[in-house]
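Here is the structure we will look at.
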Amino acid sequence: MLRMTPLTVEGQPLDVAARLAELTGFVTDAARDGLPAHELERGLWRSLLQLGHELQAAYFALAGDGDCGETLTLADGRVVKRLPEPHGRPYRSIFGDFTLERVVYGTREGQRIEAVPLDARLGLPDDKCSYVLQDWNQALVVENPYAQVDAVLERILGFNQSVASLETMTRTLAGAVAGYEAARSSAAPATGAQIVVLSADGKGVPVRKPADAPAIAAHDHARG
């Protein structure tokens, strides 16, 4: 038999059954009152995003703060101590923004943080964006300008991402390309009847002309 653990958000109980009953009532009322289908979709999506945010907040609350005691032994044998104050970190998922307060370990406050047990246990990325959100962003930036990607996801998810953050994410993830390519098996040599095509994507690479180069006349503003 499945045993349900009570969920809480910011110390308050989260009654998932009641929230689902609200959604069911919304659907029933929409059908009775003749609410247009597209308005039902928007209302349901907003409510489901909010419920997702509350459920993920409950997940983080249940996960705790990662306190492993006054000291922690690292993999290399070094012993580090729990720092006096918890350290917060932002986390952005497809359900919105969170701030996680975690216990961290090191030699002393102000020095390098050596271990964050909660981050390691939950598999959190170094970047504030979740792996799911990173995946969605990268799937879109391959074919679209950064600003357009932000506009599309803002309409869907309800929050804004800066162009700078999307550019930084792309540069960070690009660091894994060399290792990925090295792990792939080599392609079979082309025969005389084959053509090898090499393509490159210059997305995000600023194109600048030398400072002393003459201005391009076609770029001048025209009257009217």
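Residue numbers for the sequence shown follow my numbering, so the first one is 1052 and each next one is one higher.
Each residue gets a CB set at the ideal place from its N, CA and C atoms; glycine is no exception.
Could you give the residue range of the beta strand (DSSP E) that holds Phe1149?
1147-1153
Compute the distance between the beta-carbons of Glu1121 and Arg1133, then report whether it is under 8 Å.
yes
Exposure of Arg1054, with buried meaning 16 or more beta-carbon neighbours within 10 Å:
The predicted position of Arg1054 is uncertain, since its pLDDT is 44 and thus under 50; a value taken from the coordinates is nonetheless stated next. With fewer than 16 Cβ atoms within 10 Å of its Cβ, Arg1054 is classed as exposed.
By DSSP, does Ser1098 sit in helix, in strand, or in coil?
Helix at Ser1098.
Residues bridged to Leu1123 by DSSP?
Val1131
Going straight from the alpha carbon of Ala1171 to that of Gln1245, what length do you get?
48 Å
Exposed or buried, Glu1073, counting other C-beta atoms within 10 Å across all chains shown (16 or more means buried)?
exposed
Give the DSSP-derived three-state secondary structure of Ile1246 in the structure shown.
Coil at Ile1246, not helix or strand.
CB-CB under 7 Å to Met1052, same chain, minus the five flanking residues each way: which ones, in chain order?
Model confidence at Met1052 stands at a pLDDT of 38, short of 50, so the residue's coordinates are unreliable; what they give is reported in the following sentence. For Met1052, where only same-chain residues beyond five positions count, there are no Cβ hits under 7 Å.
Report the rounded CA-to-CA distance for Leu1065 versus Ser1213, giving the unit in angstroms.
32 Å
Does the beta-carbon of Asn1188 have 16 or more other beta-carbons within 10 angstroms, so that it is buried, or is it exposed?
Buried, by the Cβ-count rule.
Going by DSSP in three states, Arg1274 sits in which element: helix, strand or coil?
coil
Examine the Cβ distances between the region 1133-1142 and the region 1152-1161 and report whether three or more of them are shorter than 8 Å.
yes
Distance check for Leu1095 and Thr1219, CA to CA, integer angstroms please.
33 Å
According to DSSP, simplified to helix, strand and coil, what is Leu1091?
helix
Span of the beta strand (DSSP E) holding Gln1063?
1063-1065
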